[in-house]
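Have a look at the structure below, then the notes.
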């Protein structure tokens, strides 16, 4: 295998401790479907096989000891599907198991450059036979329904019988509930009903449906062997034969998964299969090659960081939904943490990467919000708002899945985050048509919500009560500074667009036109002007919320290491009662709105909040790292950056088994681009304030901004910003 | 039947609409056991048979979509037991059913003076037979395990066969979950396991156990007939015989229920039975007669109010646990609302009635808190407190059952409420021994909690963050004024006791001595001195909490009547976001601490909060009524009083079916004693400021204070306070 280690995520032994983590990290996906990096043989007692379709969910009943109005009845859970990659290989009656068989020369690597997972090892059977097994898989980045697996066997010792069964294994389940609010649900039924399964010519098919949510899906499998005089049982798909010491077998598995959205899927699948494995592989690799041209970040002088950033960008790119109907969940499709839900992580953490490297994907993410506007409208009514929309805190299908509203529905900032995403996309792309057709409608409805929900107090200040900001260690607060800042910015942006509409021939969608008619422009202007931000005149810092600074500071000195993350060890009331932050809140707002605050202000806020932030959320380190760079503390910035970039590759939180930390991965990109390179948009223009960590030789990356591609190259001596031909 | 209607709660027809309500209101209980006022015949399709033992609960698993540290795993639910009152009466093969049979001359009345429920009616069978049936029941107030029923049948037309089966019906269940946070649970198992049942001589027995909580109970039944030549089948307990037009049968049912706490229960039961029905009845009535001498409130000139107050006092007295191991639940033992849980209702609403009329019961209620101190200690540790105890917001066995902590566990004021109860009891009884043996220990532990939880802020003010006050329409607030006031008072009281201990020869319990050693007296003094109370200098009112007055006022004009109670129609966030109160909060604090505030202050606070209080809690009207009286608005006070006193008797909230509103019932006593008569303790002495509603001729009641009984008699001309011989 290749030595080009900075493009490879690999392992050289089978290690129970790392196995689940690497199942997550070695996932192959294309944003539509995914396979966790489990073995084809499937019989690892400590593994968790996972096959997922983005957006395919089963309902899970939510129970409440005390249930109040507008509590969601059901959550949506990403379903673990029947497993089509399965290969059961027997030699002289002995089954291959990478857990119990005698295995040597094991090596597995994910080639990040091409999105191909390859594994090889030698198996010595109890009967003395030896075979080298090599399997290769990829989830086609070009044909979204397609997965290909090449399973090669080379005997080089012994003789006897062997059998190979390539099948769809239905004995796969979602992980069960753990005593951790972040993981798992308990279904009281099998989430999947198999409607039919069988063999049509050589095509093995399974048509299924989720039990309660009634979502149909299909799994197809075509097997192709290179063996002469092949003896495959057409009923079972089992190949049985004799082997000698130079027998070699190659099995190609073509797999198709769909959500029953196309009619002629079998025919389409057969046509793809007929083009052959090599064809599919080449097109797939080609796609990845092109992606890396836009998106690669090259780091010279730090091999681990080079590999880490590539692993992270690989996962962002492969896990993101690209069809405007799906999104990217907190764990991608690499595990079942957070039940496969989409959060604000998308707009605030991941979207910038796509906006600047692949704006089509960025647009499709925003289209997902547009396509779920109706659910957000209906949610706003449930929540008692007379107008506007309220996006769900966590969701798959656009409906709220949050069962603990203080750290869920109360995070109204999701609305402002989506607005921020639209603004970012528009500023970087100038895609006015998107604004006309979709963006304007979303923005108007988002603003309508704030106008309904916020209130001018008796001093004339616009206040937003009873929300939760990004920091979930303080819930149900008044005037969360992050929220108020983001809302101010959102409405400013909207008003600027309304002005632009009036100047230009409009071309707005009918719905936007209607909404503009009734939009309270004057009130919106007053909101901007009088938006209340909680500021402490003594400390000269922004308070995270009205009551925040009145609370006692958490006793960090008395908190042993093993009590982190705090949420796993302290009741929410204990956390809420103290000044202690799970993650960046005020500091994040100041990153996102760079021109609203003086450097001195940002410094004071950074210094204050850094002391009380635990970074128990994986969304925190990257933000602190970026702000440290802005504030001139490159050493500190680098420390935060290291923590960010290593989160998954070194499994810092010991929970990569449940899936990647997708937002944090994006944070490692932000850490370089916003952090070290100091990218900010100011007055609609790209600006940089670039630095380089002292142990790096050079880093470089590409950005697309207003239809121009730039290469940014920073070394210890200088900074180059090069305009490229698109 | 008697015409003395002011002692009778009665009905003259079988009315589906009122049936469940009257099942609740016609409950007979003695604080140890209870029977809802369901018919012996048991076959009402719209009824809910209920047989309960105070303190006997089954665990119910609590589920959370997202579960955090120290969330309770299980709730406790008062169990509906096998029903021993059952009588199945057949004539010529036709079963008597008060729902479907031809019934006339129906009358049922609960004699409040004697605690006896009597029902009579005439049944005309399809075969033309006519019988008058009269049944009488009481739950012995003297023998806590005993219930007696007399079931009389007088035929006066027709002839043929009849049969009577007197049995224990095991086909009884808890009410199932409704879409109302206040009612019902869903057991996924039968909460009761029958360990054995059978007949021993004539004693029908059933030994049972709750499924998960493993609490044993026994139900015994002895039947006695007055019929000559009786033909009772010893296996089934069925009496079968012929009747003519003057046949008369009397069945005496002796019922015994216990929690398996005594060994020789069968023998004890038989001994009681052998003394006969009349004996038991006389002793029972005698007890009630004595109670009424202490506790009756006589109202002349308002028959409905006279009846209402008696119904209310009857229920308080019969439903209260009297053994120091049980308490009185929000619904007594009259229904399954709030799952049979005990709340702060006890100390703040019900305890005063017992303190002033029956201090032994008051003491036993406080002993319940003493006896669950260990659970409260352990709960404080779970909640991260280094010292002190935290009482559960809702419980049966002393462990927290609240599954929604913002309106549950966060109500830390329960601690201060219990302290208040101890102070009230001590001030009214001078029971120094109780303080020495028990009270001091509780008070020290309660105060320890506050010293751990509260903090001095940078201005040196003692603050209590992140709690919920009595008003559940604002949750998780800082410096709830009610809480802070009550804590201040609680610690003042404790310090005065500590001083007294130092003056006198101590005699304290060992545990209290230990606790005093480490108690931070100086810090406690500083807490009192610097307790922060949120005061608004512009409005010159106490803010309910730090952020309360900054929120917009609820739009009452736009809220239609059918949207009340608000909690059933609006998401908590909508409620929390507004100035809107479910119930008295600041106003309650000012009632409980009468000397802390000027009359002008109380008036301003009353006027402000009254406008924004919905009284959606049944704990509210009584408090507003009392304060209106204090502030001189007798007319308004009377209106509130009427609403309070009528809550159950006229089923104002349409939910008496789930049980009485026990705290509100006590509120009707407070409304007279604290409200119209104006009782306050000031500097340890009784004071009165008595008034009388203009349409009443006179009201009078007795109070016991420091071993002296007083009769207070108020008419339109004067107020008499008469010292009585004890």
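Protein chains in written order, with my numbering: chain A, 1 to 726; chain B, 1 to 726. Think of the CB as a built atom: it goes at the ideal place given N, C-alpha and C, for glycine as much as any other residue.
Start and end residues, alpha helix (DSSP H) containing residue 644 of chain A: 634-646
Cross-chain neighbours of residue 403 of chain A in chain B, by beta carbon under 9 Å: 64, 65 and 66
Given 8 Å, three or more beta-carbon pairs between the stretch 424-439 of chain A and the stretch 695-709 of chain A: yes
C-beta neighbour in chain B for residue 443 of chain A, strict 8 Å: no
Continuous beta strand (DSSP E) stretch holding residue 724 of chain B: start and end: 719-724
Beta-carbon proximity check, residue 81 of chain A vs residue 172 of chain A, cutoff 8 Å: yes
For residue 33 of chain A, the residue or residues it bridges with in DSSP: A:53
Burial state of residue 441 of chain B (16 or more Cβ within 10 Å): buried
8 Å contact criterion, which residue 656 of chain B and residue 24 of chain B should meet: CB distance rounded: 5 Å
Residues that DSSP places opposite residue 401 of chain B in a beta bridge: Residue 401 of chain B pairs with nothing; no bridge assigned.
7 Å Cβ cut-off: residues of chain A touching residue 465 of chain B: 551 and 577
Under 8 Å from the C-beta of residue 574 of chain A: neighbouring residues of chain B: 383 and 384
Proximity test, Cβ basis, 8 Å: residue 617 of chain A and chain B: no
Buried versus exposed call for residue 523 of chain B [16 or more other C-beta atoms within 10 Å across all chains shown]: exposed
Interface flag, residue 234 of chain B vs chain A, CB-CB below 8 Å: no
Secondary structure of residue 394 of chain B, DSSP reduced to three states: coil
Beta-carbon proximity check, residue 592 of chain B vs residue 664 of chain B, cutoff 8 Å: no
Reduced DSSP secondary structure (H/G/I, E/B, other) of residue 16 of chain B: helix
Element boundaries [beta strand (DSSP E), containing residue 238 of chain A]: 238-243
Option nearest residue 533 of chain B by Cα separation, candidates B:566, B:493, B:465 and B:580: B:465
Min CB distance residue 547 of chain B to chain A below 8 Å: yes
Sequence-distant residues of the same chain with beta carbon closer than 6 Å to residue 322 of chain A, five excluded per side: 31, 361 and 364
Range of the contiguous alpha helix (DSSP H) that encloses residue 587 of chain B: 586-592
Outcome for residue 517 of chain B when other beta-carbon atoms lying within 10 angstroms are tallied against a minimum of 16: exposed
Same chain only: Cβ atoms within 7 Å of residue 2 of chain B, ignoring 5 sequence neighbours per side: Residue confidence is low: residue 2 of chain B scores 46 on pLDDT, short of 50, so the model does not pin down where it sits. Its coordinate-derived value is still stated next. Excluding positions up to five away in sequence, the list reads 8.
Beta-bridge pairing of residue 123 of chain A - partner residues as DSSP gives them: A:103 and A:131
Reference residue 379 of chain B, options B:366, B:409 and B:357, closest by Cα: B:409
Span of the beta strand (DSSP E) around residue 568 of chain B: First-last for residue 568 of chain B: undefined, no H or E at that position.
8 Å Cβ cutoff, residue 406 of chain B in contact with chain A: yes
Interface residues of chain B facing residue 181 of chain A [CB-CB closer than 9 Å]: 64, 65, 66, 67 and 68
Closest Cα partner of residue 443 of chain A within the set A:69, A:474 and A:373: A:373
Alpha carbon of residue 596 of chain B to alpha carbon of residue 293 of chain B, nearest angstrom: 35 Å
Neighbour-count burial assignment, residue 556 of chain A, 16 or more Cβ in a 10 Å radius: exposed
CB contact check: residue 570 of chain A to chain B, cutoff 8 Å: yes
Chain-ordered residues of the stretch 475-509 of chain B with a beta carbon less than 9 Å from chain A: 475, 476, 477, 478 and 479
Chain-ordered residues of the stretch 582-603 of chain B with a beta carbon less than 9 Å from chain A: none
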